[in-house]
Amino acid sequence: MDQDLKTELSKHGIFATTFEELYNWGRKNSVWPLTFGLACCAIEMIATTMARYDLARFGAEVFRPSPRQADLMIVSGTVTKKMAPQVVRLYNQMPEPKYVISMGACASVGGVFDNYAIVQGVDQVVPVDVYVPGCPPRPESLIYGIVQLQRKIDLQKLT
Amino acid sequence: MDATTLVTLLQEAVPGVVLEPVASVDLQTTIYVSRDDLPIVARVLLERPEVRCTLLAELTAIDFWPREPRFEIVYILISIEHRLRLRIKVRLDGADAHVATVSHLWPSANWLEREVWDMFGVVFDGHPDPRRLLMPEDWDGYPLRKDYPVQITMKPKTTEPLQVTEQEFRASLVKDRMSRS
Chain F
1 MDQDLKTELS KHGIFATTFE ELYNWGRKNS VWPLTFGLAC CAIEMIATTM ARYDLARFGA
61 EVFRPSPRQA DLMIVSGTVT KKMAPQVVRL YNQMPEPKYV ISMGACASVG GVFDNYAIVQ
121 GVDQVVPVDV YVPGCPPRPE SLIYGIVQLQ RKIDLQKLT
Chain A
1001 MDATTLVTLL QEAVPGVVLE PVASVDLQTT IYVSRDDLPI VARVLLERPE VRCTLLAELT
1061 AIDFWPREPR FEIVYILISI EHRLRLRIKV RLDGADAHVA TVSHLWPSAN WLEREVWDMF
1121 GVVFDGHPDP RRLLMPEDWD GYPLRKDYPV QITMKPKTTE PLQVTEQEFR ASLVKDRMSR
1181 S
């Protein structure tokens, strides 16, 4: 639909949209993250959901304790090689469409732990949509990461 | 009880055994025991009424590579009854790193010995459950050894090493039910 026509219609109190826009608008504003914390970044993730930072403003406050109900995995912390199979299993148990935020330096590149026991970036085992830098990232950073993810969801095509 | 009294007392209990008390910085009684004498010394420490070290607080190892004997296994024992703390050490050669388990005397030794096996590759003879504790079960090498390459890059495995078969699963269920009834 023509953008000018849409603007003109909205002046007359008529809201025109496409199914795709409506669908993505709904999806991006109700991202349900998985209750899943690995290390100290998880504490910041918890803080993000609490009253001061209030992730609910962005529709992503419903942390689901079951991967079957979640569509965002926030990998918050160091992924050890022993934990990697479980991370992959949780990711596989999530229904499509699903997204992954790699939160913090450890999850993104291994952080300070350049050793045998740590996965050097969770993108080696699961596909990552948004990387949030920081050690740990402040809640504002995580919120910015979720907003970036929302923009990404908004640009998705149904067909 | 001071260190000398304790060592004399122990020596009376186990006459043939060489006990080698050494000075330590923290003034805690420290005794070296040979590998073969460890089971009898451990049993005496646990059961002798004057000592009664009922608590094994810590069991760990030290790697002195490249020095030989390379490993030292450290047992920290506590007697709650007599308010004693005692440190027993056992020297082990790198090529022949195995020692008898004490997990039948102190149940807390079970996981501690598994950890030492996992991290240092020291075998505990007669251990009831000799599996790795911290590293993945299919791990190669012993990370806390001094000659272990710490910054090795290995591709993370995402398959789970502990996939049980259906028969194993059923067998363990049956075993569990039998132990409860």
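Residue numbers (our numbering), protein chains in the order written: chain F, 1 to 159; chain A, 1001 to 1181.
Here a beta-carbon is modelled for each residue, glycine too, at the ideal position from N, C-alpha and C.
Proximity to residue i [Cα-Cα], best of the options
i         : options                                    : result
A/PRO1149 : F/PRO137, F/ILE46, F/ASP114, F/LEU9        : F/ASP114
A/LYS1155 : F/ARG27, F/THR80, F/SER141, F/LEU22        : F/THR80
A/GLY1045 : A/PRO1130, A/LEU1086, A/THR1005, A/ARG1070 : Checking the sequence shown, residue 1045 of chain A turns out to be Leu, not Gly. Of the candidates A/PRO1130, A/LEU1086, A/THR1005, A/ARG1070, the one whose C-alpha sits nearest the C-alpha of A/LEU1045 is A/LEU1086.
A/MET1001 : A/VAL1018, A/ALA1109, A/GLU1050            : A/GLU1050
A/PRO1039 : A/PHE1064, A/LYS1089, A/VAL1174, A/LEU1134 : A/LYS1089
A/ILE1073 : A/ILE1031, A/HIS1082, A/ARG1043, A/ARG1048 : A/ILE1031
F/GLU140  : F/GLY13, F/GLN69, F/VAL100, F/MET50        : F/MET50
F/VAL125  : F/ALA105, F/VAL75, F/LEU5, F/ARG68         : F/VAL75
A/GLN1151 : F/LEU9, F/TYR116, F/ARG138, F/PRO136       : F/TYR116
A/PRO1136 : A/PHE1124, A/MET1119, A/VAL1123            : A/MET1119
F/CYS41   : F/ARG138, F/PHE15, F/ASN92, F/LEU149       : F/ARG138
A/ARG1048 : A/LYS1146, A/GLY1016, A/LEU1133, A/SER1079 : A/SER1079
A/ALA1057 : A/GLN1011, A/SER1108, A/LYS1146            : A/SER1108
A/GLN1028 : A/TRP1106, A/TYR1075, A/ALA1003, A/PHE1169 : A/ALA1003
F/SER30   : F/THR7, F/GLN3, F/TYR99                    : F/TYR99
A/HIS1104 : A/LEU1006, A/ASP1176, A/ARG1043, A/ARG1052 : A/ARG1043
A/ASP1147 : A/ARG1067, A/CYS1053, A/LEU1009            : A/ARG1067
F/SER66   : F/TYR53, F/ILE43, F/MET45, F/ASN92         : F/ASN92
Local Cβ density within 10 Å of residue i, reported as buried at 16 or more and exposed below that
i         : result
A/VAL1025 : exposed
A/THR1165 : exposed
F/LYS82   : buried
A/VAL1033 : buried
A/ARG1070 : buried
A/GLY1121 : buried
A/ARG1180 : exposed
A/TRP1117 : buried
F/LYS160  : No answer is possible for residue 160 of chain F: it lies beyond the span of chain F, which begins at 1 and ends at 159.
A/MET1178 : exposed
A/ASN1110 : buried
F/LEU1    : This sequence places Met at residue 1 of chain F; Leu is not what is there. Its Cβ having fewer than 16 others within 10 Å, F/MET1 is exposed.
F/GLN120  : buried
A/GLU1081 : exposed
F/ALA105  : buried
F/CYS160  : As displayed, chain F neither begins before 1 nor continues past 159, which places residue 160 of chain F out of reach and without an answer.
F/SER108  : buried
A/ALA1023 : exposed
F/GLY13   : exposed
F/ILE153  : buried
A/VAL1174 : exposed
Residue interval of the beta strand (DSSP E) (run including residue i)
i         : result
F/MET103  : 99-103
A/ARG1085 : 1084-1092
F/ILE146  : Taken as a continuous stretch (DSSP letters only), F/ILE146 belongs to no beta strand (DSSP E), being part of the alpha helix (DSSP H) at 139-154.
F/LEU9    : Not the beta strand (DSSP E): F/LEU9 falls in the alpha helix (DSSP H), residues 3-11.
A/ILE1078 : 1071-1079
A/ALA1003 : A/ALA1003 -> not in any beta strand (DSSP E); alpha helix (DSSP H) instead, spanning 1003-1013.
A/ILE1062 : 1055-1063
F/ILE131  : Going by the sequence as given, residue 131 of chain F is Tyr instead of Ile. 130-132 is the extent of the beta strand (DSSP E) around F/TYR131.
Residue i and residue j closer than 9 angstroms at C-beta
i         : j         : result
F/PRO85   : A/THR1153 : no
F/ASP71   : F/TRP32   : yes
F/ASP48   : F/ILE143  : The residue asked about is misnamed: residue 48 of chain F is Thr in this sequence, not Asp. In contact: F/THR48 and F/ILE143 (Cβ atoms closer than 9 angstroms).
A/LEU1084 : A/LEU1077 : yes
F/LEU38   : F/THR78   : yes
F/MET122  : F/VAL128  : Looking at the sequence provided, one finds Val at residue 122 of chain F rather than Met. Result yes, Cβ atoms of F/VAL122 and F/VAL128 sit closer than 9 angstroms.
F/VAL132  : F/SER102  : yes
A/LEU1144 : A/ASP1036 : no
F/LYS28   : F/ARG151  : yes
A/VAL1102 : A/LEU1055 : no
A/HIS1127 : A/GLU1113 : yes
F/ILE146  : F/PHE36   : no
A/ALA1100 : A/ASP1129 : no
A/TRP1139 : A/GLY1094 : no
F/ARG68   : F/PRO97   : no
F/LEU90   : F/MET73   : yes
Where the alpha helix (DSSP H) containing residue i begins and where it ends
i         : result
A/ASP1125 : From DSSP, A/ASP1125 is part of no alpha helix (DSSP H) but of the beta strand (DSSP E) over 1123-1125.
A/PHE1120 : 1109-1120
A/GLU1168 : 1166-1180
F/ILE46   : 41-49
A/VAL1022 : A/VAL1022 -> not in any alpha helix (DSSP H); beta strand (DSSP E) instead, spanning 1019-1022.
F/TYR91   : 84-93
A/VAL1044 : 1038-1047
F/TYR53   : Premise fails: F/TYR53 is in no alpha helix (DSSP H) and is neither H nor E.
Distance cut-off 8 angstroms: residue i Cβ against heavy atoms of the ligand FAD
i        : result
F/GLN156 : Absent from the structure shown: the ligand FAD. Ligands present: none.
Where the stretch 118-143 of chain F meets chain A: residues whose CB sits under 8 angstroms from a CB there: Those residues of the stretch 118-143 of chain F that come within reach of chain A (Cβ to Cβ, closer than 8 angstroms) are VAL119, GLN120, GLN124, VAL125.
Chain F contacts from the stretch 1029-1050 of chain A (Cβ-Cβ distance under 9 angstroms): Within the stretch 1029-1050 of chain A, no residue qualifies.
Under 9 angstroms (Cβ pairs) to chain F, residues found in the stretch 1143-1157 of chain A: Result list: PRO1143, TYR1148, PRO1149, VAL1150, GLN1151, ILE1152, THR1153, MET1154, LYS1155, PRO1156, LYS1157.
Residues of the stretch 1051-1062 of chain A whose Cβ lies closer than 8 angstroms to any Cβ of chain F, in chain order: Under the 8 angstroms Cβ criterion, the stretch 1051-1062 of chain A contributes no residue.
Near-chain F residues of the stretch 1110-1138 of chain A - C-beta to any C-beta below 8 angstroms: Contacts with chain F (Cβ-Cβ distance below 8 angstroms) from the stretch 1110-1138 of chain A involve LEU1134, MET1135, PRO1136, listed in chain order.
Within 9 angstroms of chain A by C-beta, residues of the stretch 36-67 of chain F in sequence order: If you check each beta-carbon in the stretch 36-67 of chain F against every beta-carbon of chain A, none falls closer than 9 angstroms.
Proximal residues, the stretch 2-33 of chain F versus chain A, C-beta separation under 7 angstroms: Per Cβ criterion, the list is empty.
Members of the stretch 85-99 of chain F that neighbour chain A once the beta carbon cut-off is set at 9 angstroms: Cβ contacts with chain A come from PRO85, GLN86, VAL87, VAL88, ARG89.
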